[in-house]
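Sequential numbering of the sequence shown, starting at 320, is according to my numbering.
Glycine is no exception: its CB is placed at the ideal position from the N, C-alpha and C atoms.
Predicted model, so just to flag it, every value in this text is computed and none were measured.
Take a look at the structure set out below.
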Amino acid sequence: MLDKQQGARLANLWDDAKVARMSEAERLLYRSNLLGSDKRITNYGGGNTSAKVMEKDPLTGEMAEVLWVKGSGGDVGTIKMDGFATLYMDKLRALKDIYRGVEFEDEMVGYLPHCTFNLNPRAASIDTPLHAYVPKAHVDHMHPDAIIAIAASKNSKELTSKIFGDEIGWLPWKRPGYELGLWLEKFCLENPKARGVVLESHGLFTWGDTAKEAYETTIEIINRAIAWFEAENTAPAFGGEAKPALGAAERVAIVKKLMPVIRGLISTDEKKVGHFDDSKAVLDFVTSTNLEPLAALGTSCPDHFLRTKIRPLVVDFDPAQPDIEKTLSGLPEAIAAYRADYARYYERCKRADSPAMRDPNAVVYLVRGVGMITFAKDKATARISGEFYVNAINVMRGASGVSTYVGLPEQEAFDIEYWLLEEAKLQRMPKPKSLAGRIALVTGGAGGIGKATAARLMQEGACVVLADIDDAALEIAQSELAGRYGKDFVRSVSMNVTSEAAVEAGFGDALLAFGGLDILVSNAGLASSAAIEDTTLALWNKNIDILATGYFLVSREAFRIFRNQKAGGNVVFVASKNGLAASPGASAYCTAKAAEIHLARCLALEGASAQIRVNVVNPDAVLRGSKIWSGEWKEQRAAAYKMDVDELEAHYRERSMLKLSVFPEDIAEAIYFLASDMSAKSTGNIVNVDAGNAQSFTR
């Protein structure tokens, strides 16, 4: 039975007024973005679109037929004009004369650059011949759940004919490439009235004489498939519910315990970031009778498979008798068994020229009654992998409801995963950044030093959770950083570091967002100034609560996570020059900062055996962007030095040995050094970033 989202019809979003003055290439872009805006039409990075356009040849000045086609690695939903490859159609047709047969089809990819029009640097994808040889001006290749459910059914050819008649043809499974392009051309020439074709275990090709016709045909054909499933697939999904899902709060509590342990077990060679999904489609699957047998079959569509591996790992958990400790204790054995099974799969299927075995850990983890966890090299990839598996779930729902679901044959799956062309693409990927896959939590994250630190860590590939008590400033900081580095890389949590419950909740939210923790930057702070006889107990306690107790509470929570992950950890305290050098009129502040430094030393001793490093950065007089220096503290320090507020920055600069001002970015750079592997053999250290102050030299 289809859920409401699956059963809903796709809207025709074409706007004649918008495209009236567009060029054919611009209409292609418009069409592509419309199709890619709905995950029921195609998944992220999946599918392809093209248009054959007459263009003026920049060399001869003559008009030439040019294929505009989505370039390698692009996404139709977000593609821009520079995302399309452009190739001479006459040269693409000439490739037929040098094609040596299916055994040599991969070599044809090397000829595509020779067909480039107008020196376009965008690399053409493996799907280029499939679009070039369809004798229509506009071609769409999409991966709709409803169509792949037909394509992945045991009797997919029969179902295609039953639903679409002669309008839509059917071709058996064939790996994307040059040969499949020739198959498509042959089909079109033999079936001139056909409007498209279903590719077994793969997806849908549709076409038209105009951009609008191609788009509307694609929408119409998918809607017909959706309507057919809505009428025919009336059986309970996946064999019906075996055990009901836990409540939302219970699911979240379970996942917060599972994710860091799984992450620690699979991050030995490469740090991973997690994503959790308990949407209706996922819950229908993980509560079903047929969860295990269907999951074992793997996915059918190559795009799904490449993102989600040969099959998911079904975590041993019983929602009817939840025993999370039993599940946690069984995870090492379960993950080791998955890795061993993956190694056997590799050995069974490898060929003489296959690349070396890659990471044998699962990407998708299904927890009965709870949901789906995905882990990958970064948050975006983990999230997108989850989206792909939701597509696969929808395909299994449809196919198993009207027929028998068929996954991609094991050898075919391997040949795609370890395809030499795919390996070449992976080798061209840029080297990972120094903090790729790392997860950091920064307290005081909405302030000057906190935000600069988050930016520095994100610049190196880390995912960052901003924690602060100022909700308005948090929202601004998250929005700013998301705009610079991508929304997948940053989250925020409201956290009062003096509250045990708030700290536990905030770290729990961080676990749910990214799956674990590698770096804690304890930076929340305040400053106060008063002579000792004027220092009230409330002022004393406020300093101790935030600067000592707060640092203790966040460190304790981080240590608990680090020990559960069993993958080390990194704590950086932002203390102060005043923790080493006494200052008159600030006894509460100086004492609390000294406590921070000594706490860090104690934690360095405790954490060393678990590879947990703890270090300190001591700033001094960081005025720019600081919330501390925007209020009474600035006025108090100016009064203490008998000068105007505007003279303070110059005063501190001249007081320093190097005669330099210290900025948030300077502190962030020191924190990055201590949080990165550049300081892998350092713990219990203090780095002063104060432009030089002899009083705070460590001894």
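In the three-state reduction of the DSSP assignment, P621 falls in the helix class, which pools H, G and I.
The residue from R419, H433, G402 and T397 with its alpha-carbon nearest to that of M408 is H433.
Just measuring C-alpha positions, the residue of L685, D622, C620 and K575 sitting nearest A600 is L685. If you draw a 10 Å sphere on the C-beta of A765, you find 16 or more other C-beta atoms in it, and that means buried.
Counting the other CB atoms within 10 Å of its CB gives E736 a total of 16 or more, which places it among the buried residues. Relative to A383, the option among V633, N437 and F733 whose CA is nearest is N437. In the DSSP assignment, V453 forms no beta bridge with any residue. Of R663, I466 and W492, the smallest CA-CA separation from L523 is found for I466. Annotated three-state conformation of R932 is strand, per DSSP.
Taking 7 angstroms as the cut-off, the beta carbon of I482 is found no closer than this to the beta carbon of S475. Closest by C-alpha distance to I838, out of L830, R663 and L924, is L830.
The alpha-carbon of A913 is positioned some 10 angstroms away from that of S906. As DSSP reads the structure, T435 sits in a beta bridge with L406.
By the beta-carbon neighbour count (other beta carbons within 10 angstroms, threshold 16), E424 is buried. Closest in alpha carbon position to N937, among G559, R974 and G1011, is G1011. The straight-line gap separating the alpha-carbon atoms of T529 and V891 is approximately 60 angstroms. In the structure shown, P938 falls within a strand segment according to DSSP collapsed to helix, strand and coil.
If the five residues before and after K410 are omitted, its C-beta is found closer than 6 angstroms to the C-beta atoms of C434, all from its own chain and listed in chain order. When DSSP states are grouped into helix, strand and coil, E706 belongs to the helix group. Inter-residue distance for K337 and Y349 is about 9 angstroms (C-alpha atoms, whole angstroms). Beyond the five residues adjoining it in sequence on each side, I538 comes within less than 6 angstroms, by CB distance, of L329 and N331 in the same chain, given in chain order.
Following the DSSP letters along the chain, one finds G566 in no beta strand (DSSP E), marked with neither H nor E.
Only residues of its own chain outside the window of five on either side were considered, and among them G402, F403, A404, R441, A442, A443 and S444 have a CB closer than 7 angstroms to the CB of G390, listed in chain order. Straight through space, the alpha carbons of A824 and I643 are spaced by roughly 19 angstroms. In the same chain as G869, and ignoring 5 residues on each side of it, the C-beta atoms closer than 7 angstroms to its own belong to V816, T817 and A843, in chain order. For W387, the beta-bridge partners assigned by DSSP are A370 and T405. Residues of the same chain with a CB within less than 8 angstroms of the CB of M777, apart from the 5 flanking positions on each side, are V783, L800, R803, Y804, F808 and V809 in chain order.
One Cα belongs to S586, the other to A901, and the distance between them is close to 44 angstroms. The alpha-carbon separation between V605 and G898 amounts to approximately 53 angstroms. Each residue's CA atom was taken as its position, placing S998 and N1004 some 10 angstroms apart.
Annotated as distal: A771 and E968, with beta-carbon spacing of 7 angstroms or more. Runs of the beta strand (DSSP E) lying entirely within the stretch 652 to 717, each at least 3 residues long, are 683 to 686 and 690 to 695 in chain order. For the 7 angstroms CB-CB criterion, W333 and K531 form a contact. With respect to the 7 angstroms criterion, M715 and D596 are not classified as neighbours on the basis of their beta carbons. Taking one beta carbon from each stretch, the stretch 544 to 556 and the stretch 497 to 514 have fewer than 3 pairs nearer than 8 angstroms; the two do not touch. For the pair P674 and R658, the CB atoms are not nearer than the 7 angstroms cut-off.
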